[in-house]
Amino acid sequence: MTEKLYYENPGQTEFSARILGIEKDKKGWKVVLDRTCFYPEGGGQPADRGTINGISVIDVQKENGKIFHYLNDKPENDHITGKVDWDHRFDYMQQHTGQHILSGVLKRMGDFDTVSVHQGEEYTTIEIAQQEIAEEEIYRAEDLANEIINRNIPVEAVWTTSDKLDAFPLRREAKVTGKVRIIRIDDIDCVACGGLHTATTGEVGLVKNIGTERIRGRVRLVWKIGKRAYRDYRQKTEIISRLIDMFSARLDDLIEKIEKQQEELVKRARTISELQKRLAEMSAGILCEKAVETPSGNRIVVGRMDDIPMDSLRKAAIKLAEEDSGKAVGVYVCLLGIEGERLNWCLSVSEGLDLPFDRIRRELLPVIGGKGGGKYPLWQGIGEKIEGLNLFLENFKEIINSMERDKS
Ligand SMILES: [Zn+2]
Numbered sequence: 135m136t137e138k139l140y141y142e143n144p145g146q147t148e149f150s151a152r153i154l155g156i157e158k159d160k161k162g163w164k165v166v167l168d169r170t171c172f173y174p175e176g177g178g179q180p181a182d183r184g185t186i187n188g189i190s191v192i193d194v195q196k197e198n199g200k201i202f203h204y205l206n207d208k209p210e211n212d213h214i215t216g217k218v219d220w221d222h223r224f225d226y227m228q229q230h231t232g233q234h235i236l237s238g239v240l241k242r243m244g245d246f247d248t249v250s251v252h253q254g255e256e257y258t259t260i261e262i263a264q265q266e267i268a269e270e271e272i273y274r275a276e277d278l279a280n281e282i283i284n285r286n287i288p289v290e291a292v293w294t295t296s297d298k299l300d301a302f303p304l305r306r307e308a309k310v311t312g313k314v315r316i317i318r319i320d321d322i323d324c325v326a327c328g329g330l331h332t333a334t335t336g337e338v339g340l341v342k343n344i345g346t347e348r349i350r351g352r353v354r355l356v357w358k359i360g361k362r363a364y365r366d367y368r369q370k371t372e373i374i375s376r377l378i379d380m381f382s383a384r385l386d387d388l389i390e391k392i393e394k395q396q397e398e399l400v401k402r403a404r405t406i407s408e409l410q411k412r413l414a415e416m417s418a419g420i421l422c423e424k425a426v427e428t429p430s431g432n433r434i435v436v437g438r439m440d441d442i443p444m445d446s447l448r449k450a451a452i453k454l455a456e457e458d459s460g461k462a463v464g465v466y467v468c469l470l471g472i473e474g475e476r477l478n479w480c481l482s483v484s485e486g487l488d489l490p491f492d493r494i495r496r497e498l499l500p501v502i503g504g505k506g507g508g509k510y511p512l513w514q515g516i517g518e519k520i521e522g523l524n525l526f527l528e529n530f531k532e533i534i535n536s537m538e539r540d541k542s
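Residues 135 to 542 in my numbering are what the sequence shown lists, from first letter to last.
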């Protein structure tokens, strides 16, 4: 049986001990000691980290009443020195004790019973047995918890037995038999718990709610506790300071300035879209005038329409192809345009005309490093070789003319 130094003195980080058993499994060397400061994972609290004779402790687990220290390597002698990573341990002591305080406060405030808790690497969550909780209630819980932290109340650990639990005002029923460890924080919280806690509430430092989540129809409160809350405050202050500089604002008019700029951006986007539409119509008109005739008397409209989004390019191609629809002549349309870093292409034909798209895909798309497709009477896609633009337009005319010549 290993002596649990972590219960006797949770502040102790270094210890010497003797190896009682050692075996190897796929996770590493499993070591049992006669005494240990290493807390094994349990009660929602992760296992301690640290070293044994300089070898990394990768995990600590309780299995069938034994505490196994998993090591990367085999210790050379039976007498060891263990060192617990205090930053890691203290962080989780703050998370865990902070959670006790918050769960106690929530319970006392309005029967917000804690259903489950999770101590993650980034934050601690408390799921409560309610579908919702008002923002003011969360602020109240936060204020009350921080008051209790400021009062620096001792966090007591008391050993008792399961038949004597009636003497304790437990927040939730204890499901254990035999020896039971009770954690009591004045009249704020009292619960059976095997985890590690700070000696006083003051050591928790600070609790700060950073939001809520919905889970299984219930609310989960998300908290930054202890040093994490201070780090979170620092990070958010840095972000806000940068925003204040960027928007030449003060803290109290920052949101208003950002909202105004957003409205401005929406207005400009609308104007740009309207201008692009007009530009597309004008360009289409000019290209239409420059149309060339094919051997069968049809017309070919080819040209560049830069800075036009694909959607407008497509509309222009359809409109140009419809110009002569139903009349004696039809139109073959090939539009290309540079938009930012890429090339857009769009092809269309009047009703009744053929477009040899298979040939175009084979012979023309490689010229612009293009891809895409479509179905009669509209094809579209993008290309990455902008330098192939003119050759594409020229060859399009060639292909249409040779197709018409072959037919006649
Ligand atoms: Zn606890």
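Every residue gets a Cβ at the ideal spot worked out from N, C-alpha and C, and that includes glycine.
Any chain B beta carbon closer than 8 Å to residue 315: Looking at the structure shown, chain B is missing, and only one protein chain is on hand.
Assigned secondary structure, residue 149 (DSSP; H/G/I helix, E/B strand, else coil): strand
Residue ranges of each alpha helix (DSSP H) within the stretch 319-361, 4 or longer: none
C-beta atoms of residue 336 and residue 283 nearer than 8 Å: yes
CB contact flag (residue 351, residue 228, <8 Å): no
Residue 234 CB to nearest heavy atom of ligand 1 below 7 Å: yes
Check: residue 171 C-beta below 7 Å from any heavy atom of ligand 1: no
Coarse secondary structure for residue 254, derived from DSSP in three states: coil
Cβ-based burial, residue 146 [other Cβ within 10 Å; buried from 16]: exposed
Rounded Cβ spacing between residue 206 and residue 190 (contact assumed at less than 8 Å): 5 Å
Proximity winner among 500, 507, 298, 491, relative to residue 537 (alpha-carbon distances): 491
Residue 286 vs residue 332 beta-carbon contact at 8 Å: no
Per-residue burial, residue 170 [other beta carbons within 10 Å of its own, 16 or more giving buried]: buried
Check: residue 317 C-beta below 7 Å from any heavy atom of ligand 1: yes
Residue 413 versus residue 442 - alpha carbon distance: 8 Å
Residue 327 CB to nearest heavy atom of ligand 3 below 7 Å: Ligand 3 is absent from the structure shown, which contains only ligand 1.
Start-to-end residues for the beta strand (DSSP E) that takes in residue 525: Premise fails: residue 525 lies in the alpha helix (DSSP H), 523-541, not in any beta strand (DSSP E).
Bridge-paired residues (DSSP) for residue 388: Partner(s): none; residue 388 has no beta bridge.
Three-state class that DSSP yields for residue 190 in the structure shown: strand
Local conformation of residue 310 per DSSP, three classes: coil
Three-way DSSP call (helix, strand, coil) for residue 373 in this model: helix
Expected contact under 8 Å - CB spacing of residue 489 and residue 481 to nearest Å: 6 Å
Residue from 485, 428, 353, 380 with nearest C-alpha to residue 510: 485
Within 8 Å, strictly: CB atoms of residue 232 and residue 400: no
For residue 478, three-class secondary structure by DSSP: strand
Three CB pairs or more closer than 8 Å across the stretch 292-300 and the stretch 261-268: no
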